[in-house]
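Visitor: Sharing a structure with you now.
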Amino acid sequence: MNTAVTDTQSLIETSTFLRACRREPVDHTPIWLMRQAGRYMPEYRAIRAKHSMLEVIRTPELAAEITLQPINAFGMDAAIIFSDILPPLVGMGLNLEFVKGEGPVIYNPIRTVADIEALQTPPAEENMGFTLEAIRLVAAELTPRGVPLIGFAGAPFTLASYAIEGGGSKNYEKTKALMYQYPDAWDMLMRKLATVQADYLLNQAKAGASALQLFDSWAGLALGMQDYVRYIQPYNTLLFAELEKAKVPTINFSTGTALYLDEVAACGGSVIGVDWRIPLDLAWEKVGFNQAVQGNLDPTVLLTDWETVKTKVDDVLRRVNGRSGHIFNLGHGIFPNVPTDTVKRLVAYVQEQTSR
50 MNTAVTDTQS LIETSTFLRA CRREPVDHTP IWLMRQAGRY MPEYRAIRAK
100 HSMLEVIRTP ELAAEITLQP INAFGMDAAI IFSDILPPLV GMGLNLEFVK
150 GEGPVIYNPI RTVADIEALQ TPPAEENMGF TLEAIRLVAA ELTPRGVPLI
200 GFAGAPFTLA SYAIEGGGSK NYEKTKALMY QYPDAWDMLM RKLATVQADY
250 LLNQAKAGAS ALQLFDSWAG LALGMQDYVR YIQPYNTLLF AELEKAKVPT
300 INFSTGTALY LDEVAACGGS VIGVDWRIPL DLAWEKVGFN QAVQGNLDPT
350 VLLTDWETVK TKVDDVLRRV NGRSGHIFNL GHGIFPNVPT DTVKRLVAYV
400 QEQTSR
């Protein structure tokens, strides 16, 4: 093996972020932010002024450039590839558009069992080759710098809810009606989604992603514990079992699941992402200390003054109590109106906090 390749890969494996994923001692608390490559950065807005969301995602050079923007500007401990959770649905047969001021819209949502039967399960290289190429470009840039790249995908339930509702939803009426009334069709849909997403994530690792995050953004907002265990847990467990083949850390992120984080953690994941609805120490107790945790500053805090931000950050770090295995992050994505100076100060401040 080329010695230079071995040396640069060693930089990644010994990075603060990956060490924290493995619950190893670190010299500082690693930090990255969900949606860190995005609308709060002027550089991103300049690109989006010329290109639609799907154009950017489907152009590897642009997606790579956006991925690198926050790393170059703020020095986070990990990058996350710029994409979205929904494009894999396009290759499955759904007509997706990101509509300005409205968000994602699916023009042919799932309405019948026949619609589920018609869904395709194409291989990732065919369906999401543009994102895999973007990962290769970013990894080539960041690996020599010792900065890990995170790949990601949407969890089956969250994708199913978009596919059935035709976009975002407050009450998930159509999704839950199908789920309750047609359990066999639900099983078929979730297995197809799990198959596509497992293949996609495994190929992201092959392309150069050093960790993989699964976003189940709507699970806890739509379902209580019993329904989570019945209708989500089997498929997320299946997916995380497949991801073990990648031999990289995996992050299991969900929102609204504070009351049953132990059931979420039981699905798998080297790291459990925690939203802001539960104190981090209580969350870690529910998860169990054999898994790392990620989180969990309320994103709205970054819209306040620095002293307030610092107080809230200190509270999160205090709850870690010096235990190995914490990655600092927000409880969900960064808001587009957060000042870039606040982000810069946040990253520097967290990185200055040494492990005990």
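In this text, residue positions in the sequence shown follow this note's numbering: the first is 50, and each later residue adds one. All C-beta atoms in this analysis are idealised placements derived from N, C-alpha and C, irrespective of residue type, glycine included. Please read all numbers here as calculations on a predicted model, not as lab measurements.
1) For V362, which three-state DSSP category applies?
2) Below 7 Å between beta carbons: does that hold for I213 and K223?
3) Would you mind giving the Cβ-Cβ distance between F49 and P119, rounded to the nearest angstrom? I have them listed as a contact below 8 Å.
4) Any contact between the segment 180 to 191 and the segment 150 to 158? By contact I mean 3 or more CB pairs, one from each, below 8 Å.
5) State the start and end residues of the unbroken beta strand (DSSP E) segment that holds N378.
6) Taking all protein chains shown into account, decide if F66 is buried (16 or more other Cβ within 10 angstroms of its Cβ) or exposed.
7) Near I327, which residues of its chain fall below 6 Å by C-beta distance, leaving aside the five closest residues on each side in sequence?
8) Kindly indicate which three-state DSSP category A59 falls into: helix, strand or coil?
9) Would L287 and L242 qualify as a contact pair, given that the criterion is a beta-carbon distance under 7 Å?
10) Count Cβ pairs between the segment 384 to 398 and the segment 135 to 151 that sit closer than 8 Å; are there 3 or more?
11) Which residue's Cα is closest to the Cα of F338: I61, S59, C70?
12) Under three-state DSSP, which class holds A69?
13) Using only the alpha-carbon positions, how far apart do I129 and F201 sit?
14) Got a sec? Which residues, its chain only, sit under 7 Å from Y231 by beta carbon, not counting five neighbours each side?
15) According to DSSP, is E401 helix, strand or coil?
Guide: By the coordinates alone:
1) helix
2) yes
3) Because the chain here runs from 50 to 405, residue 49 falls outside it and cannot be looked at.
4) no
5) 375 to 379
6) buried
7) A307
8) Position check: residue 59 holds Ser in this sequence, whereas Ala was assumed. In the structure shown, S59 sits in a helix (DSSP, three-state: H, G or I).
9) no
10) no
11) C70
12) helix
13) 8 Å
14) V162
15) helix
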